[in-house]
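In the numbering used here, the protein residues as written are 421 to 748.
Glycine included, each C-beta is placed from N, C-alpha and C at the ideal position.
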Ligand SMILES: Nc1nc2c(ncn2[C@@H]2O[C@H](COP(=O)(O)OP(=O)(O)OP(=O)(O)O)[C@@H](O)[C@H]2O)c(=O)[nH]1
Ligand SMILES: [Mg+2]
């Protein structure tokens with residue numbers, strides 16, 4: 421039986437041949453698997469490709485040693501913040517990546533579809549947030565490296581299927597993360613984690629609310645989690661909910677956009693500096709240039725509602741959207 425492979429397969433194969441790093445090779449083979457149609461004629465090919473990935477991973481893990489294993493699958497941060505999609509199998513993580521970013525994720529009605537981290541960029545107003553799709557928790561194939569990868573990002577988007585015991589799922593996810601000493605940061609909490617722990621900004625997203633029982637499931641999830649974490653409903657076909665998701669993710673990340681201007685000039689509103697909520701004028705100066713913090717003489721501020729070019733102190737706490745003029 422002929423395999424009848426699509427042109428995308430051969431493109432991915434070309435990328436595989438040119439790949440220099442193990443990570444790129446694995447990614448290329450993953451893509452070859454993704455675009456290969458599922459039928460009798462391709463069983464053998466798919467089997468061989470999976471075997472190849474397994475071998476590459478084994479070789480790489482041997483070379484890297486146990487400590488560096490996570491880095492093999494780590495994803496380089498890009499944009500204003502990095503968020504990882506965390507959840508149980510089939511909860512709709514890949515569908516979110518697929519819908520909200522430029523990346524094409526493999527979405528399937530069965531569990532354990534995603535095998536590797538896959539990044540994509542989501543646009544929120546004038547910034548880009550990197551979202552990284554992950555294999556589900558409880559997946560044996562990724563158990564050796566997933567915890568390490570989970571240490572990396574600025575925040576999590578916890579995907580909970582509203583049609584499948586949502587409150588139980590949320591508890592299971594929290595417990596699983598706690599085994600690796602990762603805690604979910606409650607909304608508004610900016611305190612450091614306990615010794616030996618990591619704390620991650622969190623958005624809980626109730627997925628598939630369009631399905632029967634979804635709305636009810638979301639109400640239960642919100643009752644259980646909504647007081648502690650930013651919690652939003654989502655359905656990949658609902659534009660208003662998707663917009664709500666973007667806004668909520670930005671808020672959950674506890675970041676803000678600060679614009680700078682030179683005296684007498686207009687501010688650059690296209691490329692804000694990204695600072696953590698709670699940052700001051702001094703923090704902003706340091707973000708612009710590491711020497712600026714020391715030489716800062718005065719600052720004027722536009723924004724924050726009541727300010728219109730007023731002079732502010734170095735310890736003034738900034739707000740999202742503030743425009744700052746730094747005088748050195
Ligand atoms: N009706 C509906 N179905 C959805 C929605 N989001 C995801 N699904 C479906 O749920 C199933 C699982 O979606 P995936 O995105 O593959 O789930 P996942 O969490 O990535 O699964 P794993 O990779 O196995 O962990 C697919 O059949 C999707 O089409 C949604 O908002 N509404
Ligand atoms: Mg997936």
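Alpha helix (DSSP H) segment containing residue i, residue limits
i	result
residue 527	Per DSSP, residue 527 belongs to no alpha helix (DSSP H) and is neither H nor E.
residue 651	No alpha helix (DSSP H) holds residue 651; the beta strand (DSSP E) holding it covers 650 to 653.
residue 587	586 to 599
residue 515	513 to 520
residue 438	427 to 438
Residue i - containing beta strand (DSSP E), residue span
i	result
residue 747	743 to 747
residue 571	No beta strand (DSSP E) holds residue 571; DSSP gives it neither H nor E.
residue 442	It is not in any beta strand (DSSP E) - residue 442 instead sits in the alpha helix (DSSP H) that spans 442 to 455.
residue 563	From DSSP, residue 563 is part of no beta strand (DSSP E); its letter is neither H nor E.
residue 553	547 to 553
residue 539	538 to 544
residue 495	Looking at the DSSP string, residue 495 is not in any beta strand (DSSP E), and its letter there is neither H nor E.
residue 461	Where residue 461 is concerned, there is no enclosing beta strand (DSSP E), given that its DSSP letter is neither H nor E.
residue 504	501 to 507
Selection from the options that minimises the alpha carbon distance to residue i
i	options	result
residue 646	663, 626, 634, 658	626
residue 423	438, 603, 464, 717	464
residue 746	704, 571, 740	704
residue 562	673, 732, 478, 694	478
residue 739	695, 713, 728, 708	695
residue 596	720, 506, 614, 511	506
residue 521	494, 456, 662	662
residue 668	720, 680, 677, 544	544
residue 641	688, 579, 434	579
residue 734	743, 728, 722, 713	713
Cβ separation of residue i and residue j, assumed to be a contact under 8 Å, to the nearest whole Å
i	j	result
residue 650	residue 624	7 Å
residue 570	residue 600	7 Å
residue 587	residue 634	In fact, because the Cβ distance is near 14 Å, the residues do not count as touching under 8 Å.
residue 383	residue 514	Here the chain covers residues 421 to 748 and nothing more, so residue 383 does not appear.
residue 589	residue 517	Not really, about 19 Å apart at Cβ, beyond 8 Å.
Original post:
What are the start and end residues of each continuous alpha helix (DSSP H) run of 4 or more residues lying completely inside the segment 692 to 744, in chain order?
Top reply: 701 to 708, 712 to 715
Original post:
Where in the segment 593 to 679 do unbroken runs of the alpha helix (DSSP H), each at least 4 residues long, occur, reported from the N-terminal end onward?
Top reply: 634 to 645, 659 to 672
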